[in-house]
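Following: one structure in structure tokens, then a few remarks.
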Amino acid sequence: MITVQDVVFDYPSSRALHGVGFEVPSGVVLALVGPNGAGKSTLMRCMAALETPTEGRIAVAGLDTQEDPRGVHALLGYLPDFFGLYDELTVRQSLTYAARSRGVEAARTAQAVETAAARVQLHDRLGARAGELSRGLRQRLAIAQTIVHAPRVLLLDEPAAGLDPEARRSLSELITRLAREGMTIVVSSHILAELEDYSTRMLMIRDGRVAGGGVVEAGAATQAETAAVAAIFADPPADLAARLAGLGLDVRHVDGGEAHIAVGDGDKAETEVLAKLVAAGLAVRSFTPVRRTLEQAYLEEAGRPKASGEASAAKKAAAKNPVEGGVA
Amino acid sequence: MNPELQRNVWLETSPRRLAWVAVAVALVYGSAVLLAQLSSRPDALAAMGTAGGLMFFCSAYVWGVRNAGQSVMVEISQRTWDFQRLSAISPWAMTWGKLVGATSLAWIVALAGWVVSAAVRPGENLGPTLFSALAVAILLQAMALWATLVGVRKARAEGRVPSLRSVVGGFLLALFGLWLISSFGRLLGDVGHFNGLGSVWLWGRGVSMGWWGVSLPVDVFALLSTLAFAAWALVGAWRLMRLEMQMRNTPWIWIAFLIFLAVYVGGLAPPRLSVDPQAVELHLSELLRSGGVALVLGLTLYAAAFVEPADRVRLRRFVETARRGQFKTALDLTPLILPAAAAGLIAAVVFAIWAGGVHTAIQRQGELNGGGLAWLSPVTVLAGFAFVLRDVGVVFFFRFGPRPRRGDFSAVVGLVLVHLVSHALAAALGDNPARAALWPMGAHAEISLISGLIQAAVVWWLAWRRVGAPERPAD
Numbered sequence: 001m002i003t004v005q006d007v008v009f010d011y012p013s014s015r016a017l018h019g020v021g022f023e024v025p026s027g028v029v030l031a032l033v034g035p036n037g038a039g040k041s042t043l044m045r046c047m048a049a050l051e052t053p054t055e056g057r058i059a060v061a062g063l064d065t066q067e068d069p070r071g072v073h074a075l076l077g078y079l080p081d082f083f084g085l086y087d088e089l090t091v092r093q094s095l096t097y098a099a100r101s102r103g104v105e106a107a108r109t110a111q112a113v114e115t116a117a118a119r120v121q122l123h124d125r126l127g128a129r130a131g132e133l134s135r136g137l138r139q140r141l142a143i144a145q146t147i148v149h150a151p152r153v154l155l156l157d158e159p160a161a162g163l164d165p166e167a168r169r170s171l172s173e174l175i176t177r178l179a180r181e182g183m184t185i186v187v188s189s190h191i192l193a194e195l196e197d198y199s200t201r202m203l204m205i206r207d208g209r210v211a212g213g214g215v216v217e218a219g220a221a222t223q224a225e226t227a228a229v230a231a232i233f234a235d236p237p238a239d240l241a242a243r244l245a246g247l248g249l250d251v252r253h254v255d256g257g258e259a260h261i262a263v264g265d266g267d268k269a270e271t272e273v274l275a276k277l278v279a280a281g282l283a284v285r286s287f288t289p290v291r292r293t294l295e296q297a298y299l300e301e302a303g304r305p306k307a308s309g310e311a312s313a314a315k316k317a318a319a320k321n322p323v324e325g326g327v328a
Numbered sequence: 001m002n003p004e005l006q007r008n009v010w011l012e013t014s015p016r017r018l019a020w021v022a023v024a025v026a027l028v029y030g031s032a033v034l035l036a037q038l039s040s041r042p043d044a045l046a047a048m049g050t051a052g053g054l055m056f057f058c059s060a061y062v063w064g065v066r067n068a069g070q071s072v073m074v075e076i077s078q079r080t081w082d083f084q085r086l087s088a089i090s091p092w093a094m095t096w097g098k099l100v101g102a103t104s105l106a107w108i109v110a111l112a113g114w115v116v117s118a119a120v121r122p123g124e125n126l127g128p129t130l131f132s133a134l135a136v137a138i139l140l141q142a143m144a145l146w147a148t149l150v151g152v153r154k155a156r157a158e159g160r161v162p163s164l165r166s167v168v169g170g171f172l173l174a175l176f177g178l179w180l181i182s183s184f185g186r187l188l189g190d191v192g193h194f195n196g197l198g199s200v201w202l203w204g205r206g207v208s209m210g211w212w213g214v215s216l217p218v219d220v221f222a223l224l225s226t227l228a229f230a231a232w233a234l235v236g237a238w239r240l241m242r243l244e245m246q247m248r249n250t251p252w253i254w255i256a257f258l259i260f261l262a263v264y265v266g267g268l269a270p271p272r273l274s275v276d277p278q279a280v281e282l283h284l285s286e287l288l289r290s291g292g293v294a295l296v297l298g299l300t301l302y303a304a305a306f307v308e309p310a311d312r313v314r315l316r317r318f319v320e321t322a323r324r325g326q327f328k329t330a331l332d333l334t335p336l337i338l339p340a341a342a343a344g345l346i347a348a349v350v351f352a353i354w355a356g357g358v359h360t361a362i363q364r365q366g367e368l369n370g371g372g373l374a375w376l377s378p379v380t381v382l383a384g385f386a387f388v389l390r391d392v393g394v395v396f397f398f399r400f401g402p403r404p405r406r407g408d409f410s411a412v413v414g415l416v417l418v419h420l421v422s423h424a425l426a427a428a429l430g431d432n433p434a435r436a437a438l439w440p441m442g443a444h445a446e447i448s449l450i451s452g453l454i455q456a457a458v459v460w461w462l463a464w465r466r467v468g469a470p471e472r473p474a475d
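Chains as they are written, first to last, in the numbering used here: chain A, 1 to 328; chain B, 1 to 475.
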């Protein structure tokens with residue numbers, strides 16, 4: 001859905017992106033992560049065809065952002081990190097303007113407004129002025145304005161910044177719902193925890209470059225594909241690691257009474273592991289799937305050696321610029 | 001309905017705002033009538049007319065102009081501009097939607113004042129002047145939007161937030177330039193015998209003036225001039241809006257504006273005193289005409305060098321695409337100074353040809369031999385153009401410096417310094433022919449031409465080194 005090729009972007013006095021390239025498949029939720037100042041927002045603006053890259057090419061749904069920027073504008077929704085609303089307008093007026101200005105026909109505007117408001121659960125506040133809304137509700141209105149024309153691609157730059165836990169949860173549910181409806185979503189954030197629930201891919205940007213292995217599976221995508229289970233044993237034997245190995249299990253690590261054991265795909269594999277443990281007389285107190293969290297993915301990708309020998313620099317940068325809720 | 005117009009009308013003419021404005025207007029008119037009644041010669045109608053005129057002036061020329069400029073500045077400060085740039089509204093609809101919508105309440109008050117002002121003086125033939133007043137309001141508001149968009153683009157390229165101060169400064173400079181063009185003859189006075197509007201733009205009546213041999217009442221000419229420049233200001237704002245929405249602009253509209261300027265200023269020259277190709281008078285009048293056009297286009301070249309954002313990326317892409325033979329793309333990226341320089345060169349060549357003609361005619365007729373125009377030769381004119389190119393190179397050199405935010409200021413200081421040093425050196429050299437290397441001079445004009453070209457080449461080489469300098473990594 002989105003192809004980014006060797007994108008270089010220069011600000012008047014500095015280079016922000018250095019040959020960034022990756023692809024975003026259709027229907028995924030890509031978490032664009034990296035420390036502050038890594039170039040995430042600049043990359044987002046280039047993808048939204050609001051900035052013209054110095055070099056390289058970006059295509060969204062086959063449309064080149066430089067050759068057909070207006071075509072790209074029409075098929076995407078973009079919410080910048082610092083967004084504004086027309087405080088004096090009501091929610092209905094704001095959404096009506098958004099719909100009409102994004103090309104929704106006059107006859108369909110009322111329906112589009114209702115649908116967008118319902119999607120963000122603002123349908124009961126259509127008469128309220130935007131300036132009267134709380135931070136979380138303003139965020140919802142901003143997202144409603146962004147999706148009112150039913151874009152195929154949604155770019156959200158730090159959408160949860162400043163939101164309370166309840167509003168973040170609500171945002172997370174909304175993004176999950178939109179992804180389920182087929183929207184390709186790119187969410188940038190330096191807070192990994194907020195991306196955990198809904199992102200299915202992760203791309204790390206650091207110092208204006210793609211860090212790690214490019215777009216990798218992470219977060220919600222790995223929930224269904226359990227790679228390991230965490231077993232906690234009541235009264236664990238001293239030679240727990242050896243006994244587990246003796247059962248033919250692929251033990252990742254053992255820490256006191258807890259062991260992480262690799263399993264194959266599917267529920268049956270987990271059942272087989274559990275059966276072996278019980279049959280061996282081990283008192284299993286807890287047996288839970290372990291998924292590869294975004295944080296783990298981030299740490300793994302951050303430590304991945306690169307062709308350019310950037311790994312040590314990346315680790316240094318990670319130590320210097322820890323990602324909130326993740327590395328720190 | 002244009003969504004941008006509708007949004008602006010929602011915000012601008014809400015019932016509450018309308019009610020407040022109605023109260024304020026009633027208070028102003030009421031106060032005017034009350035004050036008139038208290039005076040020794042009570043004339044309520046005259047007081048209403050004065051109040052109406054004042055309301056029109058304040059609403060159309062101050063409030064409306066401010067709102068026209070703010071229609072974009074507010075979007076930026078409230079962080080809604082990106083949303084608008086992404087919208088499906090056409091650049092033209094966005095332009096007029098903002099202009100009409102953001103000034104809608106100001107126009108309601110202004111038009112009410114205009115009607116009152118006209119109604120209390122029914123006997124006076126104020127037609128063209130009254131309509132000129134409306135046209136000036138449109139011109140100023142369109143110029144305010146244009147100046148704001150120029151400021152927005154310049155600020156983005158310089159990595160700063162656009163400031164109201166710089167926009168107002170740009171607007172006033174543009175207004176001064178417009179006055180300069182339209183008042184051309186008034187400034188030259190008896191030297192040029194040019195026509196021009198000058199101070200009669202608004203209130204000149206009963207006088208006629210010639211333009212390309214056509215005699216028009218000065219108020220009608222003022223009205224037509226204002227409408228023409230208002231149309232160009234609108235076109236300028238629309239073209240900039242296209243760029244804001246990431247669309248591309250070919251240079252044809254800019255070239256059309258340069259041609260318009262040449263025709264407009266050329267028409268203000270005094271009519272031909274003779275059609276005899278041998279007569280000095282014919283050559284003199286054409287010399288004045290082409291000289292006036294060359295001067296205005298030269299000033300436009302300077303203005304273009306400042307108006308366009310100092311965007312080195314765009315400039316490099318222009319050169320790169322032109323080098324690769326991708327002329328369609330290169331055309332879209334053409335810097336404003338290139339067509340302006342080409343137009344200036346053409347005007348300078350025409351000026352030089354007529355200068356040569358004057359010399360020949362004078363020598364043939366044996367009059368004015370060695371007189372006041374002896375210094376003006378074709379080579380002098382071309383040398384002058386070479387020095388203009390050097391100056392524009394100086395502007396580029398400073399604007400693309402390491403501190404882009406101070407680029408304009410540095411460029412002005414740089415220009416002033418270059419000229420001050422040149423004059424100081426010239427004064428020190430006395431009658432030495434080497435003076436001609438510092439300033440376009442009639443005597444030793446060849447030295448001036450060669451020196452001007454060398455200086456221009458060196459300055460442009462230095463400027464290009466700055467444009468092509470690699471970016472440093474972000475901190």
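Where is the CB? At the ideal position from N, CA and C, for every residue including glycine.
Against chain A: residues of the stretch 10-42 of chain B by CB proximity under 8 Å | Trp10, Leu11, Ser14
Any chain B beta carbon closer than 9 Å to A/Leu89 = Here residue 89 of chain A corresponds to residue number 89 of the first sequence, with the count starting at 1. Chain B, which has a Cβ nearer than 9 Å to the Cβ of A/Leu89, makes this yes.
According to DSSP, is B/Leu188 helix, strand or coil?
-> As a working mapping, residue 188 of chain B is identified with position 188 in the second sequence. Reliability fails at B/Leu188, whose pLDDT of 47 lies under 50, so the model's placement of it is uncertain and the value that follows must be treated cautiously. The answer is helix: DSSP assigns B/Leu188 an H, G or I state.
Per DSSP, cross-strand counterpart(s) of A/His123 | In the first sequence, the residue the question calls residue 123 of chain A occupies position 123. Per DSSP, none; premise fails for A/His123.
Per DSSP, which residues does A/Gln5 bridge with? Please list them.
-> Residue mapping note: residue 5 of chain A aligns to position 5 of the first sequence, counting from 1. Answer is A/Arg57.
Could you tell me whether the stretch 230-245 of chain B touches the stretch 89-96 of chain B, where touching means 3 or more Cβ pairs closer than 8 Å?
-> yes
B/Ala310 - DSSP class collapsed to helix/strand/coil | Residue numbering aside, residue 310 of chain B sits at position 310 when the second sequence is read from its first letter. Coil.
Does the separation of the CB atoms of A/Ile211 and A/Met204 fall below 9 Å?
-> Stepping through the first sequence from its first residue, residue 211 of chain A is reached at position 211. Stepping through the first sequence from its first residue, residue 204 of chain A is reached at position 204. According to the sequence provided, residue 211 of chain A is Ala. The question's Ile does not apply to it. For A/Ala211 and A/Met204, yes; Cβs fall inside 9 Å.
State yes or no: is the beta carbon of A/Lys306 nearer than 9 Å to at least one beta carbon in chain B?
-> Position 306 of the first sequence holds residue 306 of chain A. Reliability of the predicted coordinates at A/Lys306 is poor, the pLDDT of 47 falling under 50, and no value is obtained from them.
Looking at C-beta atoms only, is the number of pairs between the stretch 27-46 of chain B and the stretch 134-142 of chain B that lie closer than 8 Å three or more?
-> no
Distance, Cα to Cα, B/Ala361 vs B/Arg289?
-> If you number the second sequence from 1, residue 361 of chain B lands on position 361. If you number the second sequence from 1, residue 289 of chain B lands on position 289. Roughly 17 Å between the two C-alpha positions.
For A/Thr52, decide whether its Cβ has a neighbour in chain B, counting only Cβ atoms nearer than 9 Å.
-> Position 52 of the first sequence, counting from 1, holds the residue named residue 52 of chain A. Yes, A/Thr52 counts as interfacial toward chain B.
Output the boundary residues of the beta strand (DSSP E) element that contains A/Ile205.
-> Taking the first residue of the first sequence as 1, we reach residue 205 of chain A at position 205. Looking at the DSSP string, the run of the beta strand (DSSP E) that includes A/Ile205 is 201-206.
Rounded straight-line distance, which links the Cα of B/Asp311 to that of B/Trp238 | Stepping through the second sequence from its first residue, residue 238 of chain B is reached at position 238. Stepping through the second sequence from its first residue, residue 311 of chain B is reached at position 311. Using only the alpha carbons, I get a separation of about 20 Å.
Using only alpha-carbon positions, find the residue among B/Ser208, B/Thr334, B/Ser225 that is nearest to B/Pro217.
-> If you number the second sequence from 1, residue 217 of chain B lands on position 217. Comparing Cα-Cα distances from B/Pro217 to each of B/Ser208, B/Thr334, B/Ser225, the minimum goes to B/Ser208.
Grab the span of the beta strand (DSSP E) containing A/Thr184 for me, first residue to last.
-> Taking the first sequence and counting its residues from 1, the one referred to as residue 184 of chain A is at position 184. From DSSP, the beta strand (DSSP E) with A/Thr184 extends over 184-189.
Roughly how many angstroms separate the alpha carbons of A/Val273 and A/Ser26, rounded to a whole number?
-> Within the first sequence, numbered from 1, the residue matching residue 273 of chain A stands at position 273. Within the first sequence, numbered from 1, the residue matching residue 26 of chain A stands at position 26. Spanning the two alpha carbons is a distance of roughly 36 Å.
A/Arg243 burial status per 10 Å Cβ neighbour count (16 or more: buried) | By one-based count along the first sequence, residue 243 of chain A stands at place 243. Buried, by the Cβ-count rule.
How many Å lie between A/Gly77 and A/Ser94 at the Cα?
-> Here residue 77 of chain A refers to the residue found at position 77 when the first sequence is read from its first residue. Here residue 94 of chain A refers to the residue found at position 94 when the first sequence is read from its first residue. So the two alpha carbons sit approximately 15 Å from each other.
List the residues that DSSP assigns as beta-bridge partners of A/Phe233.
-> Numbered from its first residue, the first sequence carries residue 233 of chain A at position 233. BP columns for A/Phe233 point to A/Val284.
Does the separation of the CB atoms of B/Ala60 and B/Ala88 fall below 9 Å?
-> To locate residue 60 of chain B, count along the second sequence from 1; it is residue 60. To locate residue 88 of chain B, count along the second sequence from 1; it is residue 88. No; because the gap between Cβ atoms is not below 9 Å, this pair is not in contact.
Go through its chain and collect everything with a Cβ distance to A/Phe22's Cβ below 7 Å, but skip five positions before and after it.
-> Here residue 22 of chain A refers to the residue found at position 22 of the first sequence. Excluding sequence neighbours, A/Phe22 sits near Val4, Leu203, Val210, Gly214, Val215.
Kindly list, in the order they appear in chain A, the residues whose Cβ is closer than 8 Å to that of B/Val313.
-> As a working mapping, residue 313 of chain B is identified with position 313 in the second sequence. What B/Val313 touches in chain A: Asp10, Thr52, Thr54.
Contacts of A/Gly127 in chain B (Cβ-Cβ under 9 Å) | Taking the first residue of the first sequence as position 1, residue 127 of chain A is located at position 127. Going along chain B, no residue has its Cβ under 9 Å from A/Gly127, so there is no contact; the nearest lies around 14 Å.
Does A/Pro329 have its Cβ less than 9 Å from a Cβ in chain B?
-> There is simply no residue 329 of chain A to check, as chain A begins at 1 and stops at 328 in what is shown.
Select from A/Ala275, A/Val229, A/Phe287 the residue whose C-alpha is nearest the C-alpha of A/Val263.
-> Your numbering for residue 263 of chain A matches position 263 in the first sequence. Of the candidates A/Ala275, A/Val229, A/Phe287, the one whose C-alpha sits nearest the C-alpha of A/Val263 is A/Val229.
So which residues on chain A does B/Gln246 lean against when the C-beta distance must stay under 8 Å?
-> Indexing the second sequence from 1 puts residue 246 of chain B at position 246. Neighbours of B/Gln246 on chain A, chain order: Ala49, Leu50, Thr52, Pro69, Arg70, His73.
DSSP three-state call for A/Pro289: helix, strand or coil?
-> Along the first sequence, read from residue 1 onward, the residue named residue 289 of chain A stands at position 289. DSSP places A/Pro289 in strand when its eight states are reduced to three.
Cross-chain neighbours of A/Pro159 in chain B, by beta carbon under 7 Å | Taking the first sequence and counting its residues from 1, the one referred to as residue 159 of chain A is at position 159. Result: empty, since nearest Cβ-Cβ is about 14 Å, beyond 7 Å.
Per DSSP, cross-strand counterpart(s) of B/Ser215 = Along the second sequence, one-based indexing puts residue 215 of chain B at 215. B/Ser215 pairs with B/Gly210.
Pairing CB atoms from the stretch 157-170 of chain A with CB atoms from the stretch 50-63 of chain A, are three or more of them under 8 Å?
-> no
Determine whether the Cβ of A/Ile103 lies closer than 9 Å to any Cβ atom of chain B.
-> Residue 103 of chain A sits at position 103 when you count from the first residue of the first sequence. The residue asked about is misnamed: residue 103 of chain A is Gly in this sequence, not Ile. It does: the Cβ of A/Gly103 has a partner Cβ on chain B nearer than 9 Å.
If you draw a straight line from the C-alpha of B/Gln37 to the C-alpha of B/Leu27, how long is it?
-> Here residue 37 of chain B is taken as the residue at index 37 of the second sequence, counted from 1. Here residue 27 of chain B is taken as the residue at index 27 of the second sequence, counted from 1. Computed Cα separation, rounded: 15 Å.
Under 8 Å by beta carbon: chain A residues contacting B/Ala157 | One-based indexing of the second sequence puts residue 157 of chain B at position 157. Under the 8 Å cutoff, chain A gives Pro12.
Helix, strand or coil at B/His423 [DSSP, three-state] = For the purposes of this step, residue 423 of chain B is taken as residue 423 along the second sequence, with counting starting at 1. Correct three-state label for B/His423: helix.
So, helix, strand or coil for B/Leu462, using DSSP?
-> Here residue 462 of chain B refers to the residue found at position 462 when the second sequence is read from its first residue. In the structure shown, B/Leu462 sits in a helix (DSSP, three-state: H, G or I).
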